[in-house]
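Below is one structure, written out as structure tokens; comments come after it.
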Amino acid sequence: MTGDSRMGGRAIAEILQRAADGGRISADEALLLYTDAPFHALGEAADAVRRRRYPDNIVTYLIDRNINYTNICVTACRFCAFYRPPKHEQGWAHSLEEILRRCGEAVELGATQVMLQGGHHPDYGVEYYEQLFSAVKAAYPQLTIHSLGPSEILHMAKVSSVSIEEAIRRVKAAGLDSIAGAGAELLPARPRKAIAPLKESGERWLEVMETAHRLGVESTATMMMGVGETNAERIEHLRMIRDVQDRTGGFRAFIPWTYQPENNHLKGRTQCTTLEYLRLIAVARLFFDNIAHLQSSWLTTGKDVGQLSLHMGVDDLGSIMLEENVISSAGAKHRSNLLELIWLIRSADRIPAQRDTLYRRLKVHHTPADDPTDDRVRSHVASNVTPPRRRRSLPVVTS
Ligand code: SF4
0 MTGDSRMGGR
10 AIAEILQRAA
20 DGGRISADEA
30 LLLYTDAPFH
40 ALGEAADAVR
50 RRRYPDNIVT
60 YLIDRNINYT
70 NICVTACRFC
80 AFYRPPKHEQ
90 GWAHSLEEIL
100 RRCGEAVELG
110 ATQVMLQGGH
120 HPDYGVEYYE
130 QLFSAVKAAY
140 PQLTIHSLGP
150 SEILHMAKVS
160 SVSIEEAIRR
170 VKAAGLDSIA
180 GAGAELLPAR
190 PRKAIAPLKE
200 SGERWLEVME
210 TAHRLGVEST
220 ATMMMGVGET
230 NAERIEHLRM
240 IRDVQDRTGG
250 FRAFIPWTYQ
260 PENNHLKGRT
270 QCTTLEYLRL
280 IAVARLFFDN
290 IAHLQSSWLT
300 TGKDVGQLSL
310 HMGVDDLGSI
320 MLEENVISSA
330 GAKHRSNLLE
340 LIWLIRSADR
350 IPAQRDTLYR
360 RLKVHHTPAD
370 DPTDDRVRSH
380 VASNVTPPRR
390 RRSLPVVTS
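With numbering that gives the first Met the number 0, letter number 36 in the sequence shown gets 35, and the count goes up by one each step, no holes.
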């Protein structure tokens, strides 16, 4: 071992200890941990932070449904397999009745949240969303509307020629409870321009979030990994979010996920290994001393990686996703059900609990006797992209 590497090892150990104890680490230190910290030491430090924040050992999950109102979009992100340009023969827009029917099914299956999400339809201004949210709230006041993303808010403000602030005030008044972290992708300019050249800048994405937080609408923050971004750009994405969070405190959770490569213009494969994903998860827990919750994405990484992430600082496995079409269109094939999600948490030696959008615990499953019995609650019960069941061809018998 050289003198330099011994010093590097000492520096990493000191940074890990400081972060595990709740101290702040810089972006440069986070990058050093991301690239050089021993894997197990990194996970142990991140898990120490989780244990201190959640000493009751609870890991939460959510029952929600992602309902897409349209796949028509003018933004043409290169990584997106969901959208169709205006006038495309496969373009569609759901009626309000159909959206309400889907909300009703979600309520019937115990959902507490809907995520209404869609493309940047050239005709959808603030008025469209006011009608949509007020109709959902009127029909199902028990559902939390955790929906849209900064991109959709910027788009509707442009279509209606109003300010970001006015758009947010109006959709909030109509029933929007919380903004999804969607559309963050990668916030630094270089990778963002490469994958979504027509999308607003990362700074604008953050500006919408900051405005929403100031107006009393909290949100989550996401990150899409695996599209050729550098390690430094991954950490820069975290830094940009943390800086806003220092000013607003409005991000409830951070949720990284991995790019899915099918049916879109980027093609190729996800350039993010399982180890890179888990390391990023752990660094996020250590870096975000100001964001309470860390969610992993079993939908894109698989259930085994989702379960492993519970040992890297994660305290939330996210939603069962009764319906999901956007990421699934690009090839995410993982499916689960409520009982399996609970089992994944419990067999990682954590206590499962159902939460709501605000992370309030609705049901704690201390023992299997507390588990729900409704086996209808499964992911993709009615998604557009649920693949048909594969039929095995029978062997040909010749005489
Ligand atoms: S990611 Fe969203 S904004 Fe981009 S093309 Fe797909 S639907 Fe449109």
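Each residue gets a CB set at the ideal place from its N, CA and C atoms; glycine is no exception.
For S218, name the three-state secondary structure that DSSP assigns. strand
Could you spell out the range, first to last residue, of the beta strand (DSSP E) harbouring I254? F250 to T257
Thinking C-beta only, is I167 closer than 9 Å to V207? yes
Determine the burial state of W256: buried for a count of at least 16 other Cβ atoms within 10 Å of its Cβ, exposed for fewer. buried
Under 9 Å, do C72 and P84 count as touching if we go by C-beta distance? yes
I'd like to confirm something about K266: is its beta-carbon nearer than 8 Å to some heavy atom of the ligand SF4, or not? no
Can you round the beta-carbon distance between I234 and A26 to whole angstroms, since I take them to be within the 8 Å contact cut? 6 Å
Check your reading: residues with Cβ closer than 5 Å to the ligand FMN heavy atoms: The ligand FMN is absent from the structure shown, which contains only the ligand SF4.
In chain order, what residues of the same chain have a beta carbon less than 8 Å from the beta carbon of S392, not counting five sequence neighbours either side? Reliability fails at S392, whose pLDDT of 36 lies under 50, so the model's placement of it is uncertain and the value that follows must be treated cautiously. If we look at S392 and ignore the five residues flanking it on each side, it has no Cβ neighbours.
For the beta strand (DSSP E) that contains T59, what are its first and last residues? I57 to L61
Measure the C-alpha to C-alpha separation of Q16 and A291 and round it to an integer number of angstroms. 19 Å
Which word fits T229, buried or exposed, when buried means at least 16 other C-beta atoms lie within 10 angstroms of its C-beta? exposed
Report the residue from A347, F286 and H333 whose alpha carbon sits nearest the alpha carbon of L309. A347
Ignore the nearest five residues each way along the sequence and tell me which others in R375's own chain have a CB closer than 7 Å to its CB. L108
N-terminal and C-terminal residue of the beta strand (DSSP E) that Q141 is part of: Run containing Q141: none; DSSP gives neither H nor E here.
How big is the Cα-Cα spacing for I62 and G103? 14 Å
If you pair each beta-carbon of the segment 143–158 with each one of the segment 106–126, do three or more pairs fall below 8 Å? yes
Return the chain-ordered list of same chain residues with a C-beta closer than 6 Å to the C-beta of T385, the five sequence neighbours on each side being excluded. Confidence at T385 is low in this model, with a pLDDT of 45, below 50, so the placement of that residue should be treated as unreliable; the coordinate-derived value is given next. Closer than 6 Å at Cβ, skipping near neighbours: H379.
T219 and A252 closer than 9 Å at C-beta: yes
Mapping the DSSP letters down to three states, classify L274 as helix, strand or coil. helix
Assumed close pair A92, H119 - CB separation to whole angstroms, cut-off 8 Å: About 12 Å separates the two Cβ atoms, so there is no contact after all.
Coil, strand or helix - N336 by DSSP: strand
Please say whether Q270 and A331 have beta carbons closer to each other than 9 Å? no
Using the Cβ count rule (16 or more neighbours within 10 Å means buried), how would you classify F38? exposed
Can you give me the C-alpha to C-alpha distance between V216 and G22, rounded to a whole angstrom? 28 Å
Hey, N263 and R77 are a contact pair by Cβ (cut 8 Å); roughly how many whole angstroms apart? 7 Å
Local Cβ density within 10 Å of D315, reported as buried at 16 or more and exposed below that: buried
Buried or exposed, going by whether 16 or more other CB atoms sit within 10 Å of the CB of G312? buried
Would you tell me roughly how many angstroms separate the C-alpha atoms of I57 and E275, rounded to the nearest one? 25 Å
Have a look at G90, A75 and A138 and flag the residue whose alpha-carbon is nearest the alpha-carbon of E96. A138
Terminal residues of the beta strand (DSSP E) in which A352 lies: I350 to R354
Any idea if L357 is buried or exposed, counting beta-carbon neighbours within 10 angstroms, 16 or more meaning buried? exposed
Excluding the 5 residues preceding and the 5 following V325 in the sequence, name in chain order all residues of the same chain whose CB lies nearer than 6 Å to its CB. F81
Would you tell me roughly how many angstroms separate the C-alpha atoms of V226 and G301, rounded to the nearest one? 18 Å
Can you tell me where the alpha helix (DSSP H) holding L197 begins and where it ends? Segment: none, L197 is in no alpha helix (DSSP H) and carries neither H nor E.
With DSSP as the reference, identify every bridge partner of R64, one or two as the case may be. V113
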